[in-house]
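Notes for the one structure printed next.
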Amino acid sequence: MLSDAAVQRIQEIVKEYPNTKSALVPALYVAQRDAGGWLPREAMVEVAEELDLPESHVYSVATFYSMFYLKPIGENVIQVCTTSPCGLRGANEIVDCFKKRLGVGLNETTADGKFTLMEVECLAACNVAPMAQINEDYYVNITEERVDEIVTMLGRGEKPPYAEFAQNLKGAHPIAFTDAELGIDVSGIKPADPVVKKEKPAEAAPTEAK
Amino acid sequence: MPDLVTVTIDEQKVTVPKGSLVIEAATQIGIDVPRFCYHPKLSAVGMCRMCLGEVGMPKMNPDRTPALNEDGTPQIAMMPKPQTLCTTQAAEGMVVLSETPAVVKMRQAVLEFLLANHPLDCPICDKGGECMLQDQTMAYAQGHSRVQDLYHLRRDLDKDYLLSEFITLDRERCIQCARCTRFLDEVAQDPVLELVARGSRTMIDTMSDPPVDSKYSGNTIDICPVGALTSRAFRFRSRVWEVKNVPTVSMIDGSGTNIFVSQRNETLIRVIPRDNEAINECWISDRDRFGLEYIDNDARLTYPLVRRDGKLEPATWDEALQLVTDKIKAAKEQRGANSIGAVGGPKLTNEGALSMARLFGDVVGTPNVDAGWTPTITTPGKPPATFYEELEGADVILVLGANPNEELCSLDLRLKKAAFQRKAHLINCNPYKTPLDRLARQSLIYNEGSEVALLNGLAKLVHQSWTAEPAQTEALRNNVEGRAGATAWIDSLGPYSSNRAAELAGISEPDLRAAATAIAGSERLFLLVGEDVSPAVLSTLQNLAALKGRSDYLVVLHPEPNAVGVRRAGLAPREGGLDGQGMLDATFKGNLKVLYIAANNPLHWAADYDLAQRALQTAEFVVVQTLFENELTEHADVVLPAASFMEQDGTTTNFHGKVQNLKQVFRPRERRDDDGNTLSACAPDWIIFTKLAQLLGKDFGYTRVGDWTQQFKALPALTPNEVRFTPVTYEASPAVAPEGTFQLLTGNLLYDGGESFPYCDRLNRVVPEPFVYINRADARKLGIENLALVEVKSARGAVQVRAKLGREVKAGTVWMPRRLRAVQVNRIIEVDKPYTAVTLTKLQDAPPKETLPADMHAVGVGEGTPVDMNISTAVVP
Ligand code: SF4
Ligand code: FES
Ligand code: FES
Chain A
1 MLSDAAVQRI QEIVKEYPNT KSALVPALYV AQRDAGGWLP REAMVEVAEE LDLPESHVYS
61 VATFYSMFYL KPIGENVIQV CTTSPCGLRG ANEIVDCFKK RLGVGLNETT ADGKFTLMEV
121 ECLAACNVAP MAQINEDYYV NITEERVDEI VTMLGRGEKP PYAEFAQNLK GAHPIAFTDA
181 ELGIDVSGIK PADPVVKKEK PAEAAPTEAK
Chain B
211 MPDLVTVTID EQKVTVPKGS LVIEAATQIG IDVPRFCYHP KLSAVGMCRM CLGEVGMPKM
271 NPDRTPALNE DGTPQIAMMP KPQTLCTTQA AEGMVVLSET PAVVKMRQAV LEFLLANHPL
331 DCPICDKGGE CMLQDQTMAY AQGHSRVQDL YHLRRDLDKD YLLSEFITLD RERCIQCARC
391 TRFLDEVAQD PVLELVARGS RTMIDTMSDP PVDSKYSGNT IDICPVGALT SRAFRFRSRV
451 WEVKNVPTVS MIDGSGTNIF VSQRNETLIR VIPRDNEAIN ECWISDRDRF GLEYIDNDAR
511 LTYPLVRRDG KLEPATWDEA LQLVTDKIKA AKEQRGANSI GAVGGPKLTN EGALSMARLF
571 GDVVGTPNVD AGWTPTITTP GKPPATFYEE LEGADVILVL GANPNEELCS LDLRLKKAAF
631 QRKAHLINCN PYKTPLDRLA RQSLIYNEGS EVALLNGLAK LVHQSWTAEP AQTEALRNNV
691 EGRAGATAWI DSLGPYSSNR AAELAGISEP DLRAAATAIA GSERLFLLVG EDVSPAVLST
751 LQNLAALKGR SDYLVVLHPE PNAVGVRRAG LAPREGGLDG QGMLDATFKG NLKVLYIAAN
811 NPLHWAADYD LAQRALQTAE FVVVQTLFEN ELTEHADVVL PAASFMEQDG TTTNFHGKVQ
871 NLKQVFRPRE RRDDDGNTLS ACAPDWIIFT KLAQLLGKDF GYTRVGDWTQ QFKALPALTP
931 NEVRFTPVTY EASPAVAPEG TFQLLTGNLL YDGGESFPYC DRLNRVVPEP FVYINRADAR
991 KLGIENLALV EVKSARGAVQ VRAKLGREVK AGTVWMPRRL RAVQVNRIIE VDKPYTAVTL
1051 TKLQDAPPKE TLPADMHAVG VGEGTPVDMN ISTAVVP
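Which chain is which? The protein sequence lines are A and B, in order. The end of the first sequence is residue 210 by our numbering, with every number in the run present. The end of the second sequence is residue 1087 by our numbering, with every number in the run present.
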């Protein structure tokens, strides 16, 4: 059962979108946080009811994104990018390190329930490959030593200082908060200045036909 | 002509309407472009890439004139990349090459990817022999693969993933063409199947409850281009080339759905659709597909039964028929033919009904003949021959008192198509919510019993609109002026101002006005009405139809298969005769002695169960002609085993009057001795009636079913409507239920668990537990939660059912299926009251939420066998 607060938050989110279909991803995100970090079937059914969408559609969307989990996960979810750029920079070795360090395979959770290991596709941080997303933070330029350190620190409930996003979002994803909670004042946001179209310089001669 | 374009495909020119797809144009000239995802009835998505072809357009000079070759032919600029011909629209001058070496090579590559996850299990695959992938692989694939060691994320998944009671999925066979999901989404309008996950893991799955919750789910099995979706009823039962597909017509509902019954060795193997654009297109309902299994059930009666010393015992045909003859003769001699009554049913073929009508009407000479137990209305006009074509072209469709989703499956699909694809203005009027409401532009949920007020209000508004708008005046004036009853009718509309009509009907006045405006402005109006409304309501509708000059477009929806045909055949009371209801009464009072019932069951279908039961007990002699022993045969003195529609030739008439041929698929069920000699068999109804006539001294001289067919076709069919107006006044009934009670509404349910359901293994599993719909607000007040066990009690009796809460019914009303498994509403309904008031009492809490069977939905996506995607280990040749 979703909590009243979650249902209320979902209803708020719906208002920000032109239709309920577009509100589905943030609504699922709220439901996931509410249901203990993963999406049990009932939570998806309730989201479907709240948004008046077919259940199967909700299911389809929930399975499409790698940050929705359909079965219980560990306290920390480690998602290592293994797409080609990261792959070329040794992502598969990093995965192996995690496997060895945690003693679990892919899509498995450690016996103490602390870590779940996953592989994901490109997270748009190829410039700092290899990288992983752990919970909602990016960890970039990962090395074998770092793997050890990350696991140790997270295991103790600490967050390594190089975890990005950690500070400014209090460790949570933006859509779990209202604008006010995030301290964003939307009232002052102005539309961008119109782009001034530059005239073609007169001296540029038309290109010769080849 | 501006809206035609000419394209050249593989050097053949073809002219098609603008907007046509190239693949359609190619089909027209016999070029079969390979395809998987394209389906003519579904939207084009370009998912599979199999239909790639080279496409070019005429080159233009800078001055916008066509560039020409030296010989004067237009220069063609080929597009740099191949195009999917299933999404490319034909354009003037377009040149398409569908089978060049480059194209063939691309197809090879596409297949290589499609086959990466596809197992080589054709030898055990049900689709083998009618599989598009098999055919295309034969035509284009190279026989080896460079990618299958790389992208086989699904290949090793467990087989036989049970999607629903009807369908199983082999995930590794699926090629993600999305035909199944598009069908359910666009045609069935039940979006219960979706592509889940992404990339190589993509597959289809459902999350509805029950799984794949659609009345049409079986069609996905047919359109799946590979063997991914297969029928659980058919799985591993036969190779498709070993069966004989016999074309016939399903007598499951009134649609007249065209089917092929596949049979082998006199057993039913499967049922598949037979294309008929005029009726069912290429779809059939699950009820047709999985609901005909009863035919070869061992419980079928194969010999007559005769009651001896209070017990039904096997008898020979001669013995049984002689007994029936003697009893009829005796009754006639002692008390006159009026002491004999005969009731047939809509499951009789035209020939069966006609021979029955002749036997009892002419030979026995009784006026007491009918085709049912409650009076039903019939279509007053003659619906157009091209019924569905016109329906799809309708601009406004009014549906009243009917729920096609539970009653008439092929109509349901057409209405969805009309409303969804053709944007027809659908006005859905019912006392409770039905699935069509989702698509209806307006759904008017009226108070049960207020139809006349609602329709009079509508008619008044429509009539007023032509006095107000000169443009519409002329046409409408012609429809009304000088017609019988017109003036009196217009006067009679006086009291039905929009305010009052809306109030009486319990709907909002603006809604009523909007509906009237739509009807007033419509040019191609259709009026569809359920068969359970009263004759007064039909008259009001007739007035409305006549006002719009659309009298022949008022059609009564009969859920039962041959309702129109049996009436045309003459199964209706003759001069001074009793109808079904009257016969039960007369039997109970002792005036009717012999009751002959064929293909019907008063215990199920009579308005009052108790009366039917008492009548059957009082009757002196009851003959029942049926397929199975059941509750009714317990009251019979003679039981005659009848053949089903699949065991005989003949004809049947669907709800809009179309007569279609039935073809014999099986020999009538028979009983054999150990040596294989036939001992006895059931017989088609027409043979039984012809024989009885003979024994009673009248030889019709008909030895073939065709003789009866000829006779039937010579009968007057439905005739064009005589346009007339009849004033109908609304008689207010105390519509408000007394304090603490609820008004009981009833309706049909497709999966009601009756008659043949127990003999259809698969279908029987989807029959829900008996339930009652209760409005959420009402339930909250009574402390009834969803699925709690409640007692529904009227002054006559009580039944125990599960509560289903929702917005299906208005506050103050509850809805129950007329019959569901053993629960029959005719045991508690108060026939002599305008409506039945019931009370609700909670008996038991809802059962703990059941988890789905372990084999269903067991594998969440991403949980499949973990696969090592390490590219560096893969060997690329
Ligand atoms: S199951 Fe069949 S119809 Fe559905 S997407 Fe897969 S291949 Fe296509
Ligand atoms: S490939 Fe890893 S972040 Fe882009
Ligand atoms: S048939 Fe054209 S892309 Fe599938």
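We put the beta carbon where it would ideally sit given N, CA and C, even for glycine. Note that the coordinates shown come from a computational prediction; the quantities given were computed from them, not determined experimentally.
- The chain-ordered list of residues whose CB is nearer than 6 Å to some heavy atom of ligand 3 reads Arg245/B, Phe246/B, Cys247/B, Tyr248/B, Gly256/B, Met257/B, Cys258/B, Arg259/B, Met260/B, Cys261/B, Thr294/B and Cys296/B.
- Going by C-alpha positions, Trp815/B is about 11 Å away from Glu965/B.
- Taking 7 Å as the cut-off, the Cβ atoms of Arg484/B and Phe470/B count as close.
- Under the three-state reduction of DSSP, Gly1016/B is assigned to strand.
- Along the stretch 500-571 of chain B, the beta strand (DSSP E) occurs as fully enclosed runs of 3 or more residues at 515-518, 521-524 and 550-553, listed in sequence order.
- Annotated three-state conformation of Ile431/B is helix, per DSSP.
- Residue nearest to Ser56/A within the set Ala530/B, Gly911/B and Ser424/B is Ser424/B (criterion: CA-CA distance).
- Partner residues in the beta bridge of Ala1008/B, as assigned by DSSP, are Lys1003/B.
- Using beta-carbon distances, Ser418/B counts as an interface residue toward chain A, with a partner under 7 Å.
- Residue burial is scored here from C-beta neighbours: Glu770/B has at least 16 other C-beta atoms within 10 angstroms and is therefore classed as buried.
- Between the alpha carbons of Ala62/A and Val140/A lies a gap of roughly 26 Å.
- Three or more Cβ pairs closer than 8 Å define a contact, and the stretch 315-335 of chain B meets that threshold against the stretch 377-396 of chain B.
- Tyr371/B counts as buried, since at least 16 other C-beta atoms from the protein chains shown sit within 10 angstroms of its C-beta.
- Within 10 angstroms of the beta-carbon of Glu119/A lie 16 or more other beta-carbons, which makes it buried.
- For Glu404/B, the nearest beta carbon of chain A is closer than 7 Å to its own beta carbon.
- Sequence-distant partners of Arg317/B (beyond 5 residues in either direction) whose C-beta falls short of 6 Å from its own C-beta, in its chain, are Tyr350.
- Among the CB atoms of chain B, none fall inside 7 Å of the CB of Thr116/A.
- Comparing C-alpha distances from Gly103/A to each of Thr116/A, Glu93/A and Asn92/A shows the shortest one belongs to Thr116/A.
- Under DSSP, Arg497/B shares a beta bridge with no residue.
- In this structure, Val976/B sits away from Glu503/B, with a CB-CB distance that is not shorter than 7 Å.
- The beta-carbon separation of Val747/B and Leu533/B, rounded to 44 Å, does not stay under the 8 Å limit for a contact.
- CA-to-CA, the gap between Pro292/B and Thr298/B works out to about 11 Å.
- Around the beta carbon of Ile984/B, 16 or more other beta carbons lie within 10 angstroms, which makes this residue buried.
- Here Ser660/B has Leu714, Ala715, Gly716, Tyr940 and Ala945 as same chain residues with Cβ atoms under 8 Å from its own Cβ, once five neighbours each way along the sequence are excluded.
- Of the candidates Ala779/B, Gln222/B, Arg474/B and Val933/B, the residue whose Cα lies closest to the Cα of Arg877/B is Arg474/B.
- When rounded, the separation of the alpha-carbon atoms in Leu39/A and Glu50/A is 15 Å.
- Residues of the stretch 50-61 of chain A whose Cβ lies closer than 8 Å to any Cβ of chain B, in chain order: Pro54, Glu55, Ser56, His57, Val58, Tyr59 and Ser60.
- Residues of chain A whose Cβ lies closer than 7 Å to the Cβ of Arg408/B are, in chain order, Phe64.
- Within the chosen limit of 6 Å, ligand 1 does not reach the beta carbon of Leu394/B with any heavy atom.
- Listed by position along chain B, the residues whose Cβ is nearer than 9 Å to that of Met44/A are Met417.
- The straight-line gap separating the alpha-carbon atoms of Lys537/B and Ser460/B is approximately 35 Å.
- With its beta carbon at least 7 Å from every one in chain A, Pro577/B lies outside the interface.
- Within chain A, the residues placing a beta-carbon under 7 Å from that of Pro401/B are Pro54, Ser56 and His57, ordered along the chain.
- For Ile482/B, the shortest C-beta to heavy atom distance toward ligand 1 is 6 Å or greater.
- Minimum Cα-Cα distance from Pro556/B among the listed residues Pro645/B, Asn486/B, Gly466/B and Ala1005/B corresponds to Gly466/B.
- Pairing Phe570/B with Lys1020/B, the inter-Cα distance amounts to about 46 Å.
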